[in-house]
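**Q**
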Amino acid sequence: MRTTELQNQLHSKPQTPSVISIVLIALLHDLCQRFTLIGKELIYQ
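Using this note's numbering, you'd call the opening residue of the sequence shown number 339 and step up by one each time.
#1: For the alpha helix (DSSP H) that contains Gln371, what are its first and last residues?
#2: Which residues in the same chain have their Cβ closer than 6 Å to the Cβ of Thr342, if we skip the five residues on either side of it in sequence?
#3: What number of angstroms, rounded off, separates the C-alpha of Ile358 from the C-alpha of Leu369?
Right under this line is the structure:
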């Protein structure tokens with residue numbers, strides 16, 4: 339999704355900030371785990 343679409347969803351759904359924050363935190367957590375795995379592979383090569 340584009341950032342503009344995400345911003346539109348954030349502005350159109352002010353009554354559900356908790357759901358959006360949970361999804362964003364989950365995505366960030368997944369990205370952090372992938373980056374750490376990639377970093378470990380690069381270090382140990």
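Backbone N, C-alpha and C fix where the C-beta goes; we use that ideal spot for every residue, glycine too.
**A** Quick answer:
#1: Here the question's residue 371 lines up with position 33 in the sequence shown. Pro355 to Tyr382 is the span of the alpha helix (DSSP H), which, as asked, contains Gln371.
#2: The residue given as residue 342 occupies position 4 in the sequence shown. Closer than 6 Å at Cβ, skipping near neighbours: no residue.
#3: Locating residue 358 in the sequence shown gives position 20, where the first residue counts as 1. Locating residue 369 in the sequence shown gives position 31, where the first residue counts as 1. Their backbone Cα atoms lie some 17 Å apart in a straight line.
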